[in-house]
Structures are given as C-alpha cells and as structure tokens.
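Down below is the structure, laid out as structure tokens.
Numbering (the numbering used here), first residue to last: -4 to 185.
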C-alpha cells in the first residue's frame, strides 16, 4: 500500500500535468490560461498578477469533484473552507464556485459580474491561484472551483523576554486546566 505522502505527490503531479495540458491544448490563445485571464482582470483593477499553484489547484479540484459527485453547488461540500485551504499556508484566501458553464471564460465572466465573486478575484495581496472543473457523471453539469490566496510571507514574531515566556507558560497552564474542565458553574470546575 502506498504511503499517504506518495499518493499526495502522485496526485499533485497528475494535476500539474492536467494544468499544463489544459494550457497547451489546441491552438488557443495565451489568454485561455485561467491564471493569465484572472491576472489580466486583476491588473486592470490595480491588483498584482497571480500564478498557477499546484496546491491551490488540488484544493480547487477536490472541491469541484465533490460538488460534481453530489451534484450540489456548495462551498461546504467537503467541509469548511478555512480547514480545506490550511495546507496551502496562505495568510488569506478566498474561493469562487460555479456550475453550468462549459468553459472558463464564461465562468470568469459570471464571477466578474457578481459582486462577491468579483471581490474574491480582486483579493488584495493575492499571488497564487488554482482553478479546476469536474463534470457530473449524473447530469453532465460542469462544476467549477477557484481558490485564490496570498500573504504567504508572514511577519516574524518579535523576540520575547524571560518575563514574556513566564506569562506564556502561565497562560498555557491555565488553558490546559480549562480543557480538563467539562462543566464550569460559578468558577467551579466539575
């Protein structure tokens, strides 16, 4: 049985291969690349360019695949977004989903013309994006997911003094005590 890490690496390699094939398919103009199309829109509105990211593409693909499997347009079909996007290591991220459009240009147009989706496309500080689509085997409907993220470089915490360390340890002890408390009534832990 393959290790989880091997499975994840193989999956990422396959997704990256699909992304490369999608970008190079046929005689499409360079603008057919979703990251380029999103970047073009962002640049027109004062934001920076985004690049395609394998981890975000995997997260988007998992979301699109789950929606297609359940034939349900739902941000929480696989669980909360913050939990799903955590492995990307971004400081901030957003997700757009859609269904019914055969190609990315139409999907992007729909997102641009929707205020909430547009806000996500213009996420300040975004530098990476992942886009995926999966067709429902039951209805043939195409489900789309896009994850856009940024703020990968988080500020370093200032060096702490011994006094700060003692306060931190006291807070940890208090937190552990609170965790073992199943019921608290009038400051009594039961």
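We put the CB at the ideal spot given by N, CA and C, even for glycine.
If the five residues before and after residue 37 are omitted, its C-beta is found closer than 8 Å to the C-beta atoms of 43, 44, 45, 116, 117, 121, all from its own chain and listed in chain order. The beta-carbon distance between residue 93 and residue 139, rounded to whole angstroms, is 4 Å. This is short enough to meet the 8 Å contact definition.
Counting only residues of its own chain and dropping the five nearest sequence neighbours on each side, residue 76 has a CB closer than 8 Å to the CB of 70, 88, 90. Boundaries of the alpha helix (DSSP H) around residue 63: 49 to 65. A distance below 7 Å separates the beta carbons of residue 125 and residue 55. Residue nearest to residue 142 within the set 67, 106, 134, 101 is 106 (criterion: CA-CA distance). Annotation: residue 64 to residue 40 spans about 35 Å, alpha carbon to alpha carbon.
Distance between residue 35 and residue 134, taken at the CA atoms: about 33 Å. Taking 8 Å as the upper bound for CB-CB distance, residue 96 and residue 52 are not in contact here, some 18 Å apart.
By alpha-carbon distance to residue 147, the top candidate from 57, 62, 81 is 81. When DSSP reads this structure, residue 123 sits in a beta bridge with 46, 144.
The beta carbon of residue 61 is closer than 6 Å to those of 72, 73 in its chain, skipping five residues each way along the sequence. Closest in C-alpha terms to residue 132, from the list 67, 29, 145, 47, comes 67. In the displayed model, residue 74 falls within a strand according to three-state DSSP.
Taking all protein chains shown into account, residue 145 has 16 or more neighbouring C-beta atoms within 10 Å of its C-beta and is therefore buried.
If you draw a 10 Å sphere on the C-beta of residue 28, you find 16 or more other C-beta atoms in it, and that means buried. It is roughly 11 Å from the alpha-carbon of residue 84 to the alpha-carbon of residue 123.
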